[in-house]
Amino acid sequence: MQITAHDIHVTIDDRDILNKVSVDAASGTSLALTGPSGSGKTTLLNCLGLLLPVTQGQILIDGVDMTRLRVERKRRFWRDNVAFVFQDFGLVPDESVGFNVCMESAPILQRRKGWAPRVEEALARVGLAGRSGDQVAKLSGGERQRVSIARAIFKQARVIFADEPTASLDAVNRQNVQDLLLGEQERGATVVISTHDDQLASACDQRLRL
């Protein structure tokens, strides 16, 4: 999906967070949003993902104006097209890895034929084969981040929004997460990443400095 933003302006509590920011990310490419802390990277990511409304400006997805969508249409857009990889992982810690990948309980998963192999395939791709029954609360930070990426792989998301996905990870896990996220481009996903990680930003197709 192509993501375009024209002259985005965001004001929060009378403070200008973003001022006339424009974005153009073609389908199947990666875009890194970089800049110092407080520059508005996460704010812009959330605006592009329709999690946060803009004060002024326009956001287009595949040429369709998404700026003032009703909540119901936003939910449909998120459900059908988008995966979010949050800095705090966005997982349900008391549930299993498998539940967090497909967001379904085990009995429902069994009734949806074909889902269990897809869950295992997604976990295998992120190096967590055979871990679908493990409790998320017992995983390391790097493992949790890979579960959140496995969820995007399972969903076959057309757009992935990732907020500081390599923050606080060691070098090995940082490289794993980078390879997994950018690998999703190969099947045509558009990947937008907010990051302080210069190596990750340099590996992306585009970089927008705020």
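Mapping of the sequence shown onto the UniProt record's numbering: residues 1 to 210, in sequence order. The beta carbon of each residue, even a glycine, is placed where N, CA and C say it ideally should be. All of these numbers come straight from a predicted model, not from anything done at the bench.
Review point. Taking C-beta to C-beta, are residue 182 and residue 150 nearer than 7 Å?
Key: Result no, Cβ atoms of residue 182 and residue 150 do not sit closer than 7 Å.
Exercise for review: Check the DSSP bridge columns for residue 18 and list the partner residues they point to.
Suggested key: 10
Practice item. Take residue 17 as the anchor and find which of 36, 9, 99 has the nearest alpha-carbon. Key: 9
Exercise for review: Measure the CB-CB distance between residue 39 and residue 210 and report whether it falls below 7 Å.
Suggested key: yes
**Study point:** Residue interval of the beta strand (DSSP E) (run including residue 99)
**Key:** That residue, residue 99, is in no beta strand (DSSP E); its alpha helix (DSSP H) goes 97 to 102.
Point to revise | Distance CB(residue 92)-CB(residue 119) smaller than 7 Å | key: no
Point to revise | Beta carbon of residue 160 nearer than 7 Å to that of residue 191 | key: yes
**Study point:** Length of the line joining the Cα atoms of residue 99 and residue 188
**Key:** 26 Å
Check your understanding: In three-state terms, what does DSSP make of residue 204?
Key -> Note: residue 204 maps to coil in three-state DSSP.
Review point. Where residue 61 and residue 2 are concerned, what is the direct C-alpha to C-alpha distance, given to the nearest angstrom?
Key: 6 Å
Review point. Roughly how many angstroms separate the alpha carbons of residue 28 and residue 180, rounded to a whole number?
Key: 14 Å
Review point. How would you write the range of the alpha helix (DSSP H) that residue 56 sits in, first residue to last?
Key: Premise fails: residue 56 lies in the beta strand (DSSP E), 56 to 61, not in any alpha helix (DSSP H).
**Study point:** Range covered by the beta strand (DSSP E) that runs through residue 83
**Key:** 82 to 85
Check your understanding: At which residues does the alpha helix (DSSP H) containing residue 48 begin and terminate?
Key -> Membership of residue 48 in the alpha helix (DSSP H) is indicated by the continuous run 41 to 48.
Point to revise | Inter-stretch contact at 8 Å, needing at least 3 Cβ pairs: the stretch 135 to 148 / the stretch 69 to 76 | key: Not touching, per the Cβ criterion.
Review point. Between which two residues does the beta strand (DSSP E) harbouring residue 189 extend?
Key: Premise fails: residue 189 is in no beta strand (DSSP E) and is neither H nor E.
Exercise for review: Express the C-alpha separation of residue 117 and residue 169 in angstroms, rounding to a whole number.
Suggested key: 29 Å
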